[in-house]
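*Asks:* Okay, handing you the structure first.
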Amino acid sequence: MPRGVAIPELRQQLFTAAERVILRDGPARLSGRAVTTEAGVAAGLLYAHFSDLDDFLAAYAVDRSFTVIAAAKRLPERAGTGDIAANLGDAVLAVPRDTLAALARLLVLRPELAARVHDVLGDDTALDAIEQAAAAYLAAERRLGRLPETTDPAAVALAVVGALHHLVLTAADLDDRLRPAITALVGSTANERSGNG
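Note that full-length UniProt numbering numbers the sequence shown so that position 38 is 38, with each residue one more than the last.
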């Protein structure tokens with residue numbers, strides 16, 4: 001890149017580069033130089049826009065958390081339509097996987113960043129938002145009579161997010177493993193409903 005040439009969307013370019021480094025090399029290998037090399041920009045550009053690596057990583061975590069939160073908040077709109085487990089699976093898996101995987105891995109290694117995300121976004125971190133949206137969706141389905149009254153939406157949502165978090169950190173086959181887990185969790189409540197009816 002020639003000197004003095006403005007780079008449109010530089011922040012997003014750097015965030016995307018950081019994501020690729022995290023996914024390929026792991027968050028422990030993340031450095032300012034690794035990010036700028038991956039982005040194909042001069043090493044000093046990161047520090048021209050952020051005070052230090054921690055400032056950059058906090059901005060990345062806030063940006064990506066916001067993306068995940070926006071995707072998750074659309075889930076409750078599906079209440080009353082389609083298959084409950086499929087709706088929940090579709091919504092959870094619609095969250096950008098690479099983003100969620102990179103963010104989760106980074107926050108596990110650098111838990112202090114979570115506090116900085118909370119400072120900006122309040123209680124809505126990425127996984128919290130998915131859990132809250134799933135609980136709201138399941139509660140709406142229960143109100144509509146599509147889940148039994150004994151269903152605990154918060155508990156099912158927590159189990160779904162726990163499975164998601166585990167798979168994001170450990171497995172590449174997210175679709176193949178998460179959908180059956182969601183179906184089992186939601187199916188157990190549906191089976192309880194049909195057994196009681």
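Here a beta-carbon is modelled for each residue, glycine too, at the ideal position from N, C-alpha and C. Since the model is a prediction, treat every value here as computed from it, not as a measurement.
For residue 63, I'd like the list of residues in its chain whose CB is within less than 7 Å of its CB, leaving aside the five on either flank, ordered along the chain.
*Replies:* Contacts found: 15.
*Asks:* Cβ of residue 151 within 8 Å of Cβ of residue 164?
*Replies:* Contact: no.
*Asks:* Are the CB atoms of residue 89 and residue 179 within a distance shorter than 8 Å?
*Replies:* Yes. Within cutoff.
*Asks:* If you reduce the DSSP assignment to three classes, tell me which class residue 11 lands in.
*Replies:* Residue state, collapsed to three classes: helix.
*Asks:* Residue ranges of each alpha helix (DSSP H) run of no fewer than 4 residues wholly in the region 149–178, ordered along the chain?
*Replies:* Those alpha helix (DSSP H) runs which fall completely within the region 149–178 and span 4+ residues are 153–170.
*Asks:* Would you kindly report the start and end of the unbroken alpha helix (DSSP H) that includes residue 65?
*Replies:* From DSSP, the alpha helix (DSSP H) with residue 65 extends over 53–72.
*Asks:* Looking only at its own chain, which residues have a Cβ that is under 7 Å from the Cβ of residue 52, when we skip the five neighbours before and after it?
*Replies:* Closer than 7 Å at the Cβ level, and outside the excluded window around residue 52, lies no residue.
*Asks:* The alpha helix (DSSP H) spanning residue 37 covers which residue range?
*Replies:* That run of the alpha helix (DSSP H) goes 32–39.
*Asks:* Would you mind giving the Cβ-Cβ distance between residue 95 and residue 68, rounded to the nearest angstrom? I have them listed as a contact below 8 Å.
*Replies:* 5 Å between Cβ atoms; contact.
*Asks:* Taking the Cβ atom as the reference point for each residue, do residue 159 and residue 76 lie within a distance shorter than 8 Å?
*Replies:* Cβ distance not < 8 Å, so residue 159 and residue 76 don't count as in contact.
*Asks:* Do you know how far the Cα of residue 61 is from the Cα of residue 122?
*Replies:* Roughly 13 Å between the two C-alpha positions.
*Asks:* Reducing DSSP to helix, strand and coil, say where residue 81 ends up.
*Replies:* Reduced to three states, the DSSP call for residue 81 is coil.
*Asks:* Taking all protein chains shown into account, decide if residue 5 is buried (16 or more other Cβ within 10 angstroms of its Cβ) or exposed.
*Replies:* The predicted position of residue 5 is uncertain, since its pLDDT is 42 and thus under 50; a value taken from the coordinates is nonetheless stated next. Exposed.
*Asks:* Check whether the region 99–108 and the region 142–150 are in contact - that is, three or more C-beta pairs closer than 8 Å.
*Replies:* No: fewer than three Cβ pairs fall under 8 Å.
*Asks:* Just how far apart, CA to CA, sit residue 56 and residue 127?
*Replies:* Near 21 Å, if we compare the C-alpha coordinates of residue 127 and residue 56.
*Asks:* My assumption, with CB atoms under 8 Å, is that residue 18 sits in contact with residue 30. Please give the rounded CB distance.
*Replies:* Confirmed, about 6 Å.
*Asks:* Spatial neighbours of residue 12 within its chain, please: C-beta separation below 7 Å, excluding the five flanking residues on both sides.
*Replies:* Cβ within range, chain order: n/a, list empty.
*Asks:* I need the straight-line Cα distance from residue 49 to residue 39, nearest angstrom please.
*Replies:* Using only the alpha carbons, I get a separation of about 14 Å.
*Asks:* Quick one: what does DSSP say residue 44 is sitting in, helix, strand or coil?
*Replies:* Coil at residue 44, not helix or strand.
*Asks:* So the candidates are 21, 34, 169 and 186; which of them puts its Cα closest to the Cα of residue 100?
*Replies:* The shortest C-alpha separation from residue 100 is found at 169.
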